[in-house]
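Structure below.
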C-alpha cells in the first residue's frame with residue numbers, strides 16, 4: 101500500500117492497524133465531532149499522521165492515534181468558535197449498541213449526540229474516551245495529557261450534566277420535589 105501520490109510504502113503492521121482500528125476510531129471521531137463527514141475527515145487525517153510517524157507510533161498505535169484524533173477534534177472545535185453551524189441528524193449506526201454502565205441508562209440514543217455536543221470540549225472528550233472507547237482513567241489521562249484526578253473530575257461533571265440533559269422532565273420533577 102502506498103500513500104496517495106507518494107512513493108513511500110506502508111508497513112504491513114500499519115495496514116493491520118488500520119483494518120483493526122478504523123471502525124473504533126471512526127466512532128470516537130463521530131462522538132467527538134457530532135458529524136459524520138467531519139468524523140471521516142478526522143479519521144483520514146489521523147491515519148495519515150500516524151502513517152507518517154509510524155516509527156514513533158508503532159509501539160502503541162491506538163494510543164497514538166487517539167491522541168492525534170482528540171487533538172484534531174479539539175483544533176476543529178476551536179476553529180468553529182461560536183459560529184452558527186448546521187445541525188445534522190445523528191448517524192446512529194456509528195454508535196455502539198452498548199457503551200458501558202454510565203450510558204446504559206439512556207433510553208433514547210438519538211438524544212445522546214446532541215447532549216454530547218452541549219458538553220464543554222474537555223468533558224465531551226473524557227466521556228467519549230472513557231465510555232465509548234472504553235479507556236481506563238489512566239489511559240484517558242495519558243491521551244488528554246492531564247492527571248487521573250482531572251479525568252475523574254471531568255467525568256463527574258460531564259455525567260451530571262448529561263443526566264440533567266437526558267433526564268425525563270417528569271422524573272426530574274418527582275426527584276426534585
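Numbering (our numbering), first residue to last: 101 to 277.
C-beta atoms are modelled at their ideal positions from N, C-alpha and C, and glycine is treated no differently.
These numbers were taken from a predicted model, which means no experiment stands behind them.
Helix, strand or coil: how does DSSP classify residue i here?
i: residue 109; result: strand
i: residue 139; result: helix
i: residue 219; result: coil
i: residue 236; result: coil
i: residue 200; result: Unreliable placement is indicated for residue 200, whose pLDDT of 48 sits below 50; the coordinate value is still reported in the next sentence. Three-state DSSP puts residue 200 in coil, outside helix and strand.
So is residue i buried or exposed if we call it buried at 16+ other beta carbons inside 10 Å?
i: residue 225; result: buried
i: residue 127; result: buried
i: residue 230; result: buried
i: residue 134; result: buried
i: residue 223; result: buried
Can you list, in chain order, the residues of its chain with a C-beta nearer than 7 Å to that of residue i? Leave out the 5 residues immediately preceding and following it.
i: residue 147; result: 118
i: residue 267; result: none
i: residue 145; result: 172
i: residue 125; result: 143, 146, 165 and 169
Specify, as a first and last residue, the run of the alpha helix (DSSP H) that residue i falls within.
i: residue 265; result: 248-266
i: residue 230; result: From DSSP, residue 230 is part of no alpha helix (DSSP H); its letter is neither H nor E.
i: residue 155; result: 154-157
Quick one: what's got a C-beta closer than 8 Å to residue i's C-beta in the same chain, skipping five residues either side?
i: residue 121; result: 161, 162 and 165
i: residue 170; result: 132, 225, 229, 243 and 244
i: residue 142; result: 129, 132, 133, 169, 172, 173 and 176
i: residue 218; result: 261 and 265
For residue i versus residue j, is the C-beta spacing smaller than 8 Å?
i: residue 173; j: residue 215; result: no
i: residue 250; j: residue 241; result: yes
i: residue 248; j: residue 238; result: yes
i: residue 151; j: residue 110; result: yes
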